[in-house]
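Shown next, in structure tokens, is the structure this report addresses.
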Amino acid sequence: MNEGYSKVFVSLDGTEQQDFVLARAIKVAANNGAKLYIGHVIDSTALESAGSYPVDLVNGLEEAFRNSIAEQVQEAEENPDIAGVEIIIKAGRIRETLKDEMLDVIQPDLVMCGARGLSSIKYALLGSISTFLLRSTECDILVVK
């Protein structure tokens, strides 16, 4: 029985820390011969309050995200120890979209994310994605700091 991971999902949030988190995920996927899934949710909460949002805006945000990780994705795709790389970008409410449209579909063995470092007030009001993942997923969670 293989004790390693075969599906590594990394949730990226577009912050400065995402390069470090993605680099860690690439190493973990390579060390396990796993497929690497890179997930990003374009937060539509603010856009929803306006009633609707232009598709061009979402497309622009998606393109900007893809460009921000392009070099690291190429590195991962060229790594013979990684079984494959898939980028998944969805627009929606972060928690629901991450869980329902990504994690429940992929069913990874490991989910990696960054520790964003919200202020104590924001944390009290919103919680954190890492805390949400710990409470709502069945697989291992690695929070990269």
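Residues in the sequence shown are numbered from 1 upward in steps of one, following full-length UniProt numbering. Virtual Cβ for every residue (Gly too), placed ideally from N, Cα, C.
Integer-rounded CB distance, given that residue j should sit under 8 Å from residue i
i, j, result
"Val-144", "Phe-65", "The Cβ separation is near 18 Å, so there is no contact."
"Gln-72", "Leu-22", "5 Å"
Residues near residue i in its chain [Cβ-Cβ closer than 6 Å; skip 5 each side]
i, result
"residue 182", "Nothing in the structure corresponds to residue 182, since the chain is present only between 1 and 145."
"Tyr-37", "Phe-9, Glu-86, Ile-106"
"Tyr-5", "Asn-32, Ala-34, Asp-109, Leu-110"
"Ala-29", "Val-8, Leu-36, Ile-82"
"Arg-24", "Val-144"
"Glu-96", "none"
"Leu-61", "Ile-42"
"Ala-76", "Ile-26, Leu-36, Ile-82, Val-85"
"Asp-13", "none"
Exposure of residue i, with buried meaning 16 or more beta-carbon neighbours within 10 Å
i, result
"Ile-129", "buried"
"Ser-11", "buried"
"Leu-57", "exposed"
Beta-carbon proximity of residue i to residue j, cut-off 9 Å
i, j, result
"Gly-39", "Leu-134", "no"
"residue 173", "Val-41", "Nothing can be reported for residue 173, as the shown portion of the chain is limited to 1 through 145."
"Gln-18", "Ile-69", "yes"
"Ile-26", "Asn-79", "yes"
7 Å Cβ shell around residue i - same chain, five flanking residues per side excluded
i, result
"Asp-43", "Ile-94"
"Leu-103", "Phe-9, Val-111, Thr-137"
"Ala-83", "Gly-33, Ala-34, Lys-35"
"Thr-45", "Arg-93"
Same chain only: Cβ atoms within 8 Å of residue i, ignoring 5 sequence neighbours per side
i, result
"Asp-140", "Tyr-5, Asp-109, Leu-110, Val-111"
Per DSSP, cross-strand counterpart(s) of residue i
i, result
"Lys-90", "Val-41"
"Gly-114", "Val-144"
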